[in-house]
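Reading the sequence shown from the start, the letters are residues 1103 to 1349 in my numbering.
We put the beta carbon where it would ideally sit given N, CA and C, even for glycine.
In what follows, a structure is listed as structure tokens, so that the remarks can point back to it.
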Amino acid sequence: MSGGRVMGANQPLTIMEHFTELRRRLIRVAIFVVLASIVGFVFAPRLLDVLAMEHVLIYIRPSEAFIAHIRLGLLAGIMASTPMIFYQVLAFLLPALSKREKLVLIVATIMMFFLFIGGLAFAWFLVFPIALDFFASFAHEQLLPWYTVSDYVSFTSGFLLAFGLVFQLPLVFWVLGALGLVSSRFLRSGRKYAILIIVILAALITPPDVVSQILMILPMLVLFEFGILLVRLSERRLKMQEATLET
């Protein structure tokens, strides 16, 4: 930055021009999210049928079902808007980055999207049914499993979102390793502390039951080791590049 101007890849921009561009992109994202959320609200009944599976949902307050549909539509809108959000972030940041930083950011964005989808799929097809079956096992003649729509939507969305975010762990390690901020040796030496942090995070971001926390901890441990592997591969690639330059 020099003389109140920021150098981009194509032309220098002033600070105010950057803020103007940021504002314009935020407005685009907001409009897209609103429109996608409206579409999500229209299809909320069908989405709710998919989420409910074989369960019968009830509501105990007059506005509860309506609010649940709004929340579900908003969540669907945000999910559908993620490609647009990623594109706007990349379009804003890339001109100010070096070639290596651009490559890291582009790869990280692609990995982020697919890891998030992978986390949702893992939770929905494997972990979520196990968790529901476990909770349903406590039902008996005097205790029937009737779920309110608001609680069910909150539980389901929170459960899926938690796994989507947790699956970003290898990406965080890879980015830090690619930028030279952490090493595989450092991560391996801090494994016992990482396990403690994982247990604490699982307790914070999952519903307050042991089964959900265990189902979160186990994949987090696997993801932690996978992240170390990615950092190690990044280190080997960097060493090979340095050796090539020296020769």
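- Take M1181, set aside five residues on each side of it, and no residue of its chain has a beta-carbon closer than 7 Å to its own.
- Shortest Cα-Cα distance from L1332 to any of T1122, A1210, F1168, F1121 involves A1210.
- Here H1242 is bridged, per DSSP, to L1245.
- Judged by beta-carbon spacing, S1259 lies beyond the 8 Å limit of L1325, meaning their Cβ atoms are not closer than that value.
- Per DSSP, H1157 lies in no alpha helix (DSSP H) segment and is marked neither H nor E.
- Around the Cβ of W1276, a 10 Å sphere holds 16 or more other Cβ atoms; the residue is buried.
- For L1222, same chain residues with a beta-carbon under 7 Å away, outside a window of 5 residues either side, are L1262, F1265, G1266 in chain order.
- In this structure P1321 is buried. Its beta-carbon is surrounded by 16 or more other beta-carbon atoms within 10 angstroms.
- Burial state of P1272 is buried, judged by a 10 Å Cβ sphere holding 16 or more other Cβ atoms.
- Bounds of any alpha helix (DSSP H) do not take in I1162, whose DSSP letter is neither H nor E.
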